[in-house]
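**Student:**
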Amino acid sequence: MTTQLSESPFLRACRGERPDHTPVWFMRQAGRSLPEYRALREGVAMLDACFTTDMVVEVTMQPVRRYGVDAAIFFSDIVVPLKAIGVDLDIVAGTGPVVAEPIRTRAQLDQLRDLEPDDVAPVIAAVTALTGELGGTPLIGFAGAPFTLASYLIEGRPSRDYRHTKAMMRTDPGLWHDLMERIAAVAGQFLRMQVEAGASAVQLFDSWAGALSLADYRAFAQPHSAAALGAVADLDVPRIHFGVGTGELLGAMGEAGADVVGVDWRVPLDEAVRRVGDRSVQGNLDPTTLFAPPEVVAAEARRVLDEGLAARGHVFNLGHGVLPSIDPDALARLVDVVHAYERP
Ligand code: 1CP
12 MTTQLSESPF LRACRGERPD HTPVWFMRQA GRSLPEYRAL REGVAMLDAC FTTDMVVEVT
72 MQPVRRYGVD AAIFFSDIVV PLKAIGVDLD IVAGTGPVVA EPIRTRAQLD QLRDLEPDDV
132 APVIAAVTAL TGELGGTPLI GFAGAPFTLA SYLIEGRPSR DYRHTKAMMR TDPGLWHDLM
192 ERIAAVAGQF LRMQVEAGAS AVQLFDSWAG ALSLADYRAF AQPHSAAALG AVADLDVPRI
252 HFGVGTGELL GAMGEAGADV VGVDWRVPLD EAVRRVGDRS VQGNLDPTTL FAPPEVVAAE
312 ARRVLDEGLA ARGHVFNLGH GVLPSIDPDA LARLVDVVHA YERP
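Throughout the sequence shown, residue numbering follows this note's numbering, covering 12 to 355 in sequence.
#1: Alpha carbon to alpha carbon, how far is CYS25 from TYR78? Give it in angstroms, no decimals.
#2: Between LEU58, MET180, ARG39 and ARG229, which lies nearest to VAL98 when the distance is taken from Cα to Cα?
#3: Less than 8 Å between the CB atoms is what I'm expecting for ALA316 and VAL287, so what's the real figure, rounded?
#4: For LEU126, I'd like the list of residues in its chain whose CB is within less than 7 Å of its CB, leaving aside the five on either flank, ordered along the chain.
#5: Pull up the distance between the alpha-carbon of ARG210 and that of PRO149, whole angstroms please.
#6: Tell me whether PHE302 is buried or exposed, calling it buried when 16 or more other Cβ atoms sit within 10 Å of its Cβ.
#7: Could you tell me which residues DSSP puts in a beta bridge with SER236?
#8: Among the candidates TYR352, LEU345, ARG193 and ALA239, whose CA atom is the shortest distance from the CA of GLN122?
#9: Grab me the residues of LEU164's own chain with a C-beta within less than 8 Å of its C-beta, minus the 5 sequence neighbours each way, in chain order.
#10: Between GLY332 and HIS325, which are expected to be in contact by the criterion C-beta below 8 Å, what is the C-beta distance as a whole number of angstroms?
#11: Using a threshold of 8 Å, is the CB atom of PHE327 nearer than that to any non-hydrogen atom of the ligand 1CP?
#12: Using 8 Å for Cβ pairs, my map puts VAL272 next to ARG290. What's the rounded Cβ distance?
#13: Should GLY105 be labelled buried (16 or more other beta-carbon atoms within 10 Å of its own) or exposed?
#14: Any heavy atom of the ligand 1CP closer than 8 Å to the beta-carbon of ILE194?
#15: Suppose you measure from the CA of GLU353 to the CA of THR33; what does that come to, to the nearest Å?
#16: Following a CB-centred definition, is VAL68 positioned closer than 8 Å to any heavy atom of the ligand 1CP?
#17: Put ILE135 into one of helix, strand or coil per three-state DSSP.
#18: Would you say the beta carbon of ASP88 is closer than 8 Å to some non-hydrogen atom of the ligand 1CP?
#19: State the DSSP-derived secondary structure class of GLN293, mapped to helix, strand or coil.
#20: Compute the distance between the beta-carbons of PRO133 and THR64, then report whether it is under 9 Å.
#21: At 3 residues or longer, and completely inside the region 173-243: list those beta strand (DSSP E) runs for me, N to C.
#22: Would you check whether the ligand 1CP has a heavy atom nearer than 8 Å to the C-beta of PHE302?
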């Protein structure tokens, strides 16, 4: 890793340092809200785009060029490694991931094999190409956490209540833990391949873990997230761990092996810091704030930055992803506000 990269504001903040400006990037910055993304994706299915090296490189670069964010998030999807090991699934426009035959039995679990480099060759080629193109800007690799991936595999599609997922968890804990172990292995393998190809940080997305109580999270999800994060523990890259509605889980998510805990907008960052202990935090502007006038966005962003001063390191982000209808100019202004912020 070059000095320019290892001393970048993003990696410094992940390590708990205070660079000259607070680094900022946005979950889902690459994608739907950008006209240049929509133009490129015209007539190309989401999963086809994810397996086309040139397209992955270009879509990952678009927000870096437009906004001057401090990190790039790799353009892919949490279901890509599952598709790559042969799970029959698609990403349906307007819905999200849909699995042809939801996984509910041990025989189906036994079909889930390890991820091999050849399965994701065009994906990993994009990581390599991006590392060159980005220069001193860090690339964040990512994977879905076992609980969130399991929710898609077991429900078969996005769910409101995760009834089949939780039913398996409670009625057949043996099957549940074996399935989670399998998924954690695949997620960990995917993270490791991205880092070995040049990604300089990783984020584990447990977007739907907030559906669990703290006790259930600790019993049924945390050990498997810890295993996925553990797969890159020896590679010396910061590990970010993020979920939505996970205020009560923040301490446990930190303990799973995160250097940085991602916080949604429901818990103020100074309170989040009390829950995660001696770790950096990432977040946490409510994405819908971006529909308000610029002066309101700026004031809310400064509040988040003020609250973030309680942390060892703070990476500015939204509390969840960019919504498709958010005006890109509002994001560009937000980056300027974060970069101009001076600590009191
Ligand atoms: O056709 C399209 O453009 C599909 C929209 C889309 C995009 C742009 C999907 C379908 N995925 C993505 C890219 C994506 N997904 C990225 C890279 C871009 C970036 O972040 O800038 C990442 C990191 C993800 C991760 C992802 N996929 C998560 C975790 C992050 C989160 O937002 O919570 C989840 C839960 C998914 C599943 C998924 N994929 C797509 C959709 C619409 C969904 C959510 C469906 C649901 O509500 O369950």
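Glycine included, each C-beta is placed from N, C-alpha and C at the ideal position.
Remember, it's a predicted structure, so these values are computed and weren't measured experimentally.
**Tutor:** Straight from the coordinates:
#1: 20 Å
#2: LEU58
#3: Reading off the sequence, residue 316 comes out as Leu, not Ala. So it is not a contact: roughly 18 Å between Cβ atoms.
#4: PRO92, ALA95, ILE96, VAL197, GLN200 and PHE201
#5: Note on identity: in this sequence residue 210 is Ala, with Arg being the wrong assignment. Using only the alpha carbons, I get a separation of about 7 Å.
#6: exposed
#7: Paired residues: none, contrary to the question.
#8: ARG193
#9: LEU93, VAL98, VAL110, PRO113, ILE114, LEU190 and ILE194
#10: That belief does not hold up - the Cβ atoms of GLY332 and HIS325 are roughly 19 Å apart, past 8 Å.
#11: no
#12: 6 Å
#13: exposed
#14: no
#15: 9 Å
#16: no
#17: helix
#18: yes
#19: strand
#20: yes
#21: 212-217
#22: no
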